[in-house]
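For my numbering, count along the sequence shown from 1 and bump the result up by 206.
Glycine residues also receive a C-beta, built at the ideal position from the N, C-alpha and C atoms.
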Amino acid sequence: MSAEDIVPDLGDGTRAVRAGLPDPVKHEPTLPGPVFAAHYHLPGDPTGPYTYGRDENPTWTLLERAIGELEAPGRDDVETLVFPSGMAAISAVLFSQLSAGDIAVLPNDGYQALPLVHEQLRSYGIEVRTAPTADNAQLDLLDGARLLWLETPSNPGLDVCDVRRLSEAARARGCLVAVDNTLATPLGQRPLELGADFSVASGTKQLTGHGDVLLGYVVSRDASLMAGVRRWRKIVGAIPGPMEAWLAHRSLATLHLRADRQNANALAVAEALRGRREVTGLRYPGLPDDPSHKIAAQQMRRYGCVVSFTLPTRARADRFLDALRLVDDATSFGGVRSTAERRGRWGGDAVPEGFIRFSAGAEDTDDLVADVLRALDVATD
Ligand code: PLP
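Now the structure itself:
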């Protein structure tokens, strides 16, 4: 029984702390520990729920229930599958739903590994069309498509597209829609309610939030689509370890606290950066004058913890990163400790050399803003 069955219309915090918990059992812990099992006792006919460790695991079951409750509160028709990383989840949807001759529409400004995925899809005879996230540009490519992939807000550019509008247009053409919900988290955005067939995410980022777990998940209301995703997970063997799944579930209990603090910090950093002459291209969907804000405000409940901006040169960006004391120079985002990086160091993203992706952590706001402003001063030519 989920908490929602007992008290409908729960707040996000209440839902997060109770998500996926089993009914209480006397002398058992509230959240049972990880189950380490390659196989289960199975006399007689091999029926479920637990037969072999690559197919199912009770620790996944609880985590899957928890994520489903957050992505689609109050619904009992959702199915969730967890994966060992966000890329495993993304690949599971794309490669289970598409076959030779199909057309897929993807963003050309999304997560850095997507171009590798494009190449792989093309090698299987799948046509890949791409367009930017901004201005709903993928709308123009939908004719004849089998699957539309959205990443909103996009990483690292923080553009936002209108999920409801794109989903309606796709549905009218018999095209499936998947949304990468990594940056927003289910507390920030619920793609299934906006009309998507799949919500897919990396749980490595703010969902688990401590920079110590890789995880991914897929959620959908369509059991036949999920049967394909489940089959893919089984044949590829892309399964999370029980310890990671348990750590992820444990972390969900603080998701609302982390998200609220981190996102407030992101807004405060963005506001502080706005006053600096050396900063250009500042983006945060929660800033009222951000180009993404109007659509974001229609479909998002929280705007995430990532801010992006550009310093005049690569050297200045490096000096800024070096001068930060409370912000680690590291990739990824969403953790409780602030991180930032010069995104251009990887190649691959179409960003200027001085482009910084900044992920706000859960530090005290004044400390964080002061550190950023001081590092900008130190980095001045
Ligand atoms: N989707 C987005 C938007 C990401 O930023 C990332 C990683 O940075 C991924 C997917 C991939 O997630 P993972 O690293 O857990 O495979």
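request  = To the nearest angstrom, report how far apart ASP524 and ALA222 are at their CA atoms.
outcome  = Position 318 of the sequence shown, counting from 1, holds the residue named residue 524. Position 16 of the sequence shown, counting from 1, holds the residue named residue 222. Near 38 angstroms, if we compare the C-alpha coordinates of ALA222 and ASP524.
ask   = Cβ of LEU364 within 7 angstroms of any heavy atom in ligand 1?
value = If you number the sequence shown from 1, residue 364 lands on position 158. The answer is no for LEU364.
query = What first and last residue would you give for the alpha helix (DSSP H) that runs through PHE301?
reply = Position 95 of the sequence shown, counted from the first residue, corresponds to residue 301. 292 to 303 is the span of the alpha helix (DSSP H), which, as asked, contains PHE301.
task = Determine the DSSP secondary structure at ILE445, reduced to helix, strand or coil.
result = Start at 1 with the first residue of the sequence shown, and residue 445 comes out as number 239. Coil.
ask   = Hey, quick one: how far does the beta strand (DSSP E) through LEU382 stretch, first residue to last?
value = Translated into positions along the sequence shown, residue 382 becomes position 176. Note, LEU382: beta strand (DSSP E), 382 to 386.
request  = State the DSSP-derived secondary structure class of PRO321, mapped to helix, strand or coil.
outcome  = Here residue 321 corresponds to residue number 115 of the sequence shown, with the count starting at 1. PRO321 falls in the helix class under three-state DSSP.
task = Identify which residue in GLU450, ASP496, PRO249, ARG224 has its Cα closest to the Cα of GLY363.
result = Against the sequence shown, residue 363 aligns to sequence position 157. The option with the nearest alpha carbon to GLY363 is ASP496.
Endpoints, the beta strand (DSSP E) within which TRP552 is located = If you number the sequence shown from 1, residue 552 lands on position 346. TRP552 -> no beta strand (DSSP E), and no H or E assigned at all.
Assigned exposure category for THR253 - 16 Cβ within 10 Å defines buried = On the sequence shown, position 47 is the one that residue 253 refers to. It is exposed - the Cβ of THR253 has fewer than 16 other Cβ atoms within 10 Å.
ask   = Can you name the start and end residues of the beta strand (DSSP E) that LEU356 belongs to?
value = Sequence index remark: in the sequence shown, residue 356 carries index 150 (1-based). Element bounds for LEU356: 353 to 357.
Where the beta strand (DSSP E) through GLY487 begins and ends = Counted from its first residue, the sequence shown places residue 487 at position 281. Taken as a continuous stretch (DSSP letters only), the beta strand (DSSP E) holding GLY487 covers 486 to 489.
query = Are there 16 or more other CB atoms within 10 angstroms of the CB of GLN504, so buried, or fewer, so exposed?
reply = Locating residue 504 in the sequence shown gives position 298, where the first residue counts as 1. GLN504 is exposed by the Cβ-count criterion.
query = How is ARG563 classed by DSSP in three states: helix, strand or coil?
reply = Numbered from 1 along the sequence shown, position 357 holds the residue referred to as residue 563. Strand.
key: Strand pairing of ASN422, partner residues [DSSP]   = Against the sequence shown, residue 422 aligns to sequence position 216. Sequence inspection shows Gly at residue 422; the Asn mentioned does not correspond to that position. According to DSSP, GLY422 bridges with PHE289, SER408.
inquiry  = Given 7 angstroms as the limit, tell me if ASN471 has its C-beta closer than that to any heavy atom belonging to ligand 1.
reply    = By one-based count along the sequence shown, residue 471 stands at place 265. Checking every heavy atom of ligand 1 against the Cβ of ASN471, none is found closer than 7 angstroms.
request  = Locate the beta strand (DSSP E) running through LEU312, then write down its first and last residues.
outcome  = As a position in the sequence shown, residue 312 is number 106, starting the count at 1. Segment 309 to 313, the beta strand (DSSP E) holding LEU312.
inquiry  = Do LEU269 and PRO313 have their beta-carbon atoms positioned less than 8 angstroms apart in this structure?
reply    = Position 107 of the sequence shown holds residue 313. Position 63 of the sequence shown holds residue 269. Not in contact: PRO313 and LEU269 (Cβ atoms no closer than 8 angstroms).
message = Quick check on VAL584: does DSSP put it in helix, strand or coil?
response = By 1-based counting over the sequence shown, the position of residue 584 is 378. Helix, per DSSP.
ask   = In or out: HIS245 buried (at least 16 other Cβ within 10 Å) or exposed?
value = By 1-based counting over the sequence shown, the position of residue 245 is 39. Result: exposed.
message = I'd like the span of the beta strand (DSSP E) that includes SER514, first residue to last.
response = Position 308 of the sequence shown, counting from 1, holds the residue named residue 514. Per DSSP, SER514 belongs to the beta strand (DSSP E) from 512 to 516.
ask   = Would DSSP call HIS416 helix, strand or coil?
value = For the purposes of this step, residue 416 is taken as the residue at position 210 of the sequence shown. It is coil, neither helix nor strand.
request  = Pick helix, strand or coil for ARG482, following the three-state DSSP scheme.
outcome  = Here residue 482 is taken as the residue at index 276 of the sequence shown, counted from 1. Coil, per DSSP.
task = Report yes if the C-beta distance between LEU398 and LEU353 is below 8 angstroms; otherwise report no.
result = As a first step, residue 398 is located in the sequence shown; it is residue number 192 there, counting from the start. As a first step, residue 353 is located in the sequence shown; it is residue number 147 there, counting from the start. Going by C-beta atoms, LEU398 is not nearer than 8 angstroms to LEU353.
ask   = Can you tell me whether DSSP reads VAL369 as helix, strand or coil?
value = Position 163 of the sequence shown, counting from 1, holds the residue named residue 369. DSSP places VAL369 in helix when its eight states are reduced to three.
message = Helix, strand or coil, according to DSSP, for ALA244 in the structure here?
response = Looking up residue 244 in the sequence shown gives position 38. If DSSP states are grouped into helix, strand and coil, ALA244 belongs with coil.
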